[in-house]
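Single-structure report; data block below.
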Amino acid sequence: MDDHLDEVKAAEEMDRLITDLRHHAELYYNRDAPEISDAEYDRRFQRLVALEQRFPALVREGSPTHEVGAPIAGTPFAKVRHAVPMLSLDNAFSADDVQEFFARIRRFLGLDAETPIPVVAEPKIDGLSASLRYEKGRFVLGATRGDGYEGEDITRNLALLDDIPKTLRGDAPEVLEIRGEVYMSRAEFARLNETRVEAGEAGFANPRNAAAGSVRQLDPEVTRRRPLHFFAYASGEIQGADGRPWDTQEGFLAALKAWGFAVNPLARKCETVEEVLAFYDEMADRRATLDYDIDGIVYKVDSIAWQERLGFVSRAPRWAIAQKFPAEQAKTVLEKIGISVGRTGALTPFAILTPVTVGGVVVSRATLHNEDEIRRKDIREGDTVIVQRAGDVIPQVVGADKDKRPKDAVEFVFPDHCPVCGSLAVREPGEAVRRCTGGLICDAQAVERLRHFVSRDAFDIEGLGEKQVEAFWRDELIRGPADIFTLKARNDRNEIDLAGREGWGATSAGKLFQAIDARRNIALDRFIFALGIRRVGQATARLLAHHYGTLEALREAVLAARDQESDAYRNLVDIDGVGPKVAADLIGFFAEAHNQEVLEALQKELKVQPFERPVGGGESPVAGKTVVFTGTLERMTRNEAKAWAESRGAKVAGSVSAKTDYVVAGSSAGSKLTKARELGVEVLDEDAWLKLIGRG
Ligand code: IVH
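Printed below as a string of structure tokens:
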């Protein structure tokens, strides 16, 4: 990790990661429509884990690293609390990781090097997990995993699966919860998609999404027609058995079979790490021939007594690990390179491919990342390329087979004009991305900005999601953010007819108008974030709101900051966490005439609330003072100190100037302290500072 990361930057990045991970978890778990690969999700998740380890003081309550899966969106299924949480598994990506898993268990249990650690290796089924509750041997409740603690009641749908026994055979504990994976076979998935496409419906991206979509159908009749299966592999709550009738994972799998569950026939007990790794290789080879998707192998310590001793670490058991398979690949022809344009104008290249099956899924588009990647891999239109997907939905182009290159294939020239609006597209020095300069005259940016404007952390208007706003944009009901707030007036004047739109009625239109009205009062930080200014994420929006207090003050300050010699500019870049790049983006945004019009139009329609200072800063001795922190504080983290100062009305700056009122110097303070002394700024040590703010 880069060592120059300070707490403010880390907090900003963590904020961004949390928003991002929540968004993608929501797409994955609740909408069955993931947009990024599992590998990419894992990468971002691990980055958050690393940041949280390095900055423990910044760990947020409710961080995705403390959760499993996604929180449940407003769904029509009843919520069910899991008696025993449904956790997830840690991942191993290499043989070394697997060795380390065994070493860790050995250390934890205090076993010597000779003691074998038998495990059961089971294919990791790529479906969705479900929990089945049996009372007195009868199936009474079936639930999705949800966020791991609370899922949805899908009993009626699960009861339709042949693999799920409605009554258990033989003796079973009084209460028995069985967990396993609901999945769809590849052949059945292909058949289902064929009929859907014939009927003009959208096909599912892969068998996992098809299974997830099928099991969460409101109408069980739809589920009944979907070919779903279930493999059982774990237990939840158990009551009333005199001890468990099994003392190993192997014994548990045998019990599952005896009760009438389907258990994966490939599961195998392994005595040594070598056996485990050999099993993995064997399965990696057989994987393509299986009729269902598996995305790795799960190893579980066989001894239940050891499992109980090993227990759990936050979201995963210490006694199990999943070793993932590498991505699946296939070759096909890259017919054309397309360019898409995002909210901030970023031009992203993608490959249009001759459709090819990669690991059971037909792929016709893949990402090419950016301009440099195309050049580095020397990928050309007409090339035969290697495409890869890793249980994911956005496949990627790995490289080109140069031997198969057509003679007339020419190097790809990345466009220097926006393919959507024709404006110049420029690449700033040090940037990987080329951007359209068209701003809001660019349709692509306009629609993406609108989607951002209504997103969850921005205006979050109920009933006006990204999909609706896009449709409204397409039909020219909404062209800019302010149009959202004039919808009702225009509807009243009969200029538009919202209730008459397909899928809408008087009730839903009325509800939407109410939801929009509810947002006519908006917090300043949300408003700033909603504007979608480049580099201004939630954390920066909050900093700006905090610093300037009102939208007017912010706008005036940023306009004045156009002059880089001005106090306004210095003041802006001095906000810890802002800096020259963010300042340039803000100045650019507020200077643009079109954005000014948008702001004015919005201000006619809504009230942006001044930022509320958490504690009455008025009486505080530091209210209105500018404070700079330097060096290491002993009694609180820098961020905590900043939050305290700001909550008492102080402005916290990143560098020392004649305007600085106090410099708070912790241990090993350096140049800022020297500068304070030179300028005669009052310097406080940590104790004096704490006394001043009333925490001494
Ligand atoms: S055991 C406490 N066994 O993988 C242990 N999970 O990444 C719970 N999965 O949520 C999980 N096949 O949806 C286990 N043979 C298997 C599995 C399996 C697939 C899924 C399951 C779990 C996820 C964790």
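Residue numbers (our numbering): 6 to 701. All C-beta atoms, glycine included, are put in the ideal place defined by N, C-alpha and C. In this text the structure is predicted, and so the values were computed from the model without any measurement.
When N496, T359, A164 and A650 are compared against P626, the one with the closest alpha-carbon: Here residue 626 refers to the residue found at position 621 of the sequence shown. Comparing Cα positions, the closest option is A650.
Any heavy atom of the ligand IVH closer than 7 Å to the CB of Y33? As a working note, residue 33 is residue 28 in the sequence shown. False, no ligand heavy atom lies under 7 Å from that Cβ.
How should V187 be labelled, buried or exposed, when 16 other C-beta atoms within 10 angstroms of its C-beta is the threshold for buried? Residue numbering aside, residue 187 sits at position 182 when the sequence shown is read from its first letter. Classification of V187: buried, given that the 10 Å Cβ count is 16 or more.
Are the CB atoms of S240 and I169 nearer to each other than 8 Å? Looking up residue 240 in the sequence shown gives position 235. Looking up residue 169 in the sequence shown gives position 164. No. Outside cutoff.
So L548 packs on V613, CB below 8 Å; how close in whole Å? Here residue 548 refers to the residue found at position 543 of the sequence shown. Here residue 613 refers to the residue found at position 608 of the sequence shown. Contact doesn't hold; Cβ gap of about 16 Å is too wide.
Does at least one heavy atom of the ligand IVH sit under 7 Å from the Cβ of I130? Here residue 130 corresponds to residue number 125 of the sequence shown, with the count starting at 1. For the ligand IVH, at least one heavy atom lies less than 7 Å from the Cβ of I130.
Got a sec: does the ligand IVH put a non-hydrogen atom nearer than 7 Å to the Cβ of A126? As a first step, residue 126 is located in the sequence shown; it is residue number 121 there, counting from the start. No, the Cβ of A126 stays beyond 7 Å of every heavy atom of the ligand IVH.
Here's the rule: buried if 16 or more other CB atoms are within 10 angstroms of the residue's CB, otherwise exposed. What is D502? As a first step, residue 502 must be located in the sequence shown, where it is residue number 497. Its Cβ having fewer than 16 others within 10 Å, D502 is exposed.
C-alpha distance - L339 paired with A356, whole-angstrom precision: To locate residue 339, count along the sequence shown from 1; it is residue 334. To locate residue 356, count along the sequence shown from 1; it is residue 351. About 6 Å.
Are the CB atoms of A566 and L577 within a distance shorter than 8 Å? Here the question's residue 577 lines up with position 572 in the sequence shown. Here the question's residue 566 lines up with position 561 in the sequence shown. Yes, they are a contact pair.
The beta strand (DSSP E) enclosing E127, as first and last residue numbers: Sequence index remark: in the sequence shown, residue 127 carries index 122 (1-based). Segment V124 to I130, the beta strand (DSSP E) holding E127.
May I have the straight-line CA-CA distance separating A192 from C275, to the nearest angstrom? In the sequence shown, residue 192 corresponds to position 187, counting from 1. In the sequence shown, residue 275 corresponds to position 270, counting from 1. If I take the Cα positions, the gap works out to 31 Å.
Check this for me: beta carbons of S68 and I23, under 8 Å apart or not? Within the sequence shown, numbered from 1, the residue matching residue 68 stands at position 63. Within the sequence shown, numbered from 1, the residue matching residue 23 stands at position 18. Their beta carbons are under 8 Å apart, which means S68 touches I23 by this criterion.
Regarding S134 and the ligand IVH, is the C-beta to nearest heavy atom distance less than 7 Å? Within the sequence shown, residue 134 is the residue found at index 129, counting from 1. Yes.
Check each candidate in F417, L678 and V367 and name the one with the smallest Cα separation from D388. As a first step, residue 388 must be located in the sequence shown, where it is residue number 383. Of the candidates F417, L678 and V367, the one whose C-alpha sits nearest the C-alpha of D388 is F417.
Just to confirm, does P69 get its C-beta within under 7 Å of one of the non-hydrogen atoms of the ligand IVH? Within the sequence shown, residue 69 is the residue found at index 64, counting from 1. No, Cβ of P69 sits at least 7 Å from all heavy atoms of the ligand IVH.
Based on the DSSP secondary-structure assignment, which residues constitute the bridge partners of I342? Here residue 342 is taken as the residue at index 337 of the sequence shown, counted from 1. According to DSSP, which records beta bridges pairwise, I342 is partnered with A356.
Under 8 Å, do G5 and V452 count as touching if we go by C-beta distance? With the chain running from 6 to 701 in the structure shown, residue 5 is simply not present.
Could you tell me which of P354, T160 and L53 sits nearest to L373, measuring between CA atoms? Translated into the one-based positions of the sequence shown, residue 373 becomes position 368. Here the closest residue by C-alpha is P354.
So does V303 have its beta carbon nearer than 7 Å to some heavy atom of the ligand IVH? Residue numbering aside, residue 303 sits at position 298 when the sequence shown is read from its first letter. Answer for V303: yes, Cβ within range of the ligand IVH.
My output table needs one value for G621: the three-state DSSP class, helix, strand or coil. For the purposes of this step, residue 621 is taken as residue 616 along the sequence shown, with counting starting at 1. Note that G621 scores 42 on pLDDT, short of 50, meaning its location in the model is unreliable; the coordinates nonetheless yield the value given after this. The answer is coil: DSSP assigns G621 none of H, G, I, E or B.
Considering only the alpha carbon of each residue, which of N375, P123 and H457 lies closest to V281? The residue given as residue 281 occupies position 276 in the sequence shown. Cα-wise, what sits closest to V281 is P123.
Can you give me the C-alpha to C-alpha distance between R196 and P232, rounded to a whole angstrom? Numbered from its first residue, the sequence shown carries residue 196 at position 191. Numbered from its first residue, the sequence shown carries residue 232 at position 227. Cα to Cα, R196 sits roughly 10 Å from P232.
Measure the beta-carbon distance from F595 to R560 and round it to whole angstroms, keeping in mind my assumption that it falls under 8 Å. Here residue 595 corresponds to residue number 590 of the sequence shown, with the count starting at 1. Here residue 560 corresponds to residue number 555 of the sequence shown, with the count starting at 1. About 6 Å; that satisfies the 8 Å criterion.
Can S190 be considered in contact with the ligand IVH, in the sense that its beta carbon sits closer than 7 Å to one or more heavy atoms? Start at 1 with the first residue of the sequence shown, and residue 190 comes out as number 185. For the ligand IVH, not one heavy atom lies less than 7 Å from the Cβ of S190.
Just checking my contact of E18 with L56 at CB under 8 Å: how many whole Å lie between their CB atoms? By 1-based counting over the sequence shown, the position of residue 18 is 13. By 1-based counting over the sequence shown, the position of residue 56 is 51. Yes, E18 and L56 are in contact; Cβ-Cβ is about 6 Å, under 8 Å.
Endpoints, the beta strand (DSSP E) within which F236 is located: By 1-based counting over the sequence shown, the position of residue 236 is 231. Per DSSP, F236 belongs to the beta strand (DSSP E) from H234 to Q244.
Can you give the beta carbon distance from V438 to N375, rounded, assuming they're within the 8 Å contact cut? As a working note, residue 438 is residue 433 in the sequence shown. As a working note, residue 375 is residue 370 in the sequence shown. Going by Cβ atoms, the distance from V438 to N375 rounds to 6 Å, so yes, they are a contact pair.
With respect to 7 Å, is the separation between the Cβ of L94 and the closest non-hydrogen atom of the ligand IVH below this value? Here the question's residue 94 lines up with position 89 in the sequence shown. L94: yes, Cβ under 7 Å from the ligand IVH.
Of the choices E610, G675, A259 and D20, whose alpha-carbon is the least far from that of V633? Position 628 of the sequence shown, counted from the start, is the residue given in the question as residue 633. Ranking E610, G675, A259 and D20 by Cα distance to V633 puts G675 first.
Can you tell me whether L638 is buried or exposed? The criterion is at least 16 other CB atoms within 10 Å of its CB, across all chains shown. Within the sequence shown, residue 638 is the residue found at index 633, counting from 1. Classification of L638: buried, given that the 10 Å Cβ count is 16 or more.
Cβ-based burial, L352 [other Cβ within 10 Å; buried from 16]: Position 347 of the sequence shown, counting from 1, holds the residue named residue 352. Buried: at least 16 other Cβ atoms inside 10 Å.
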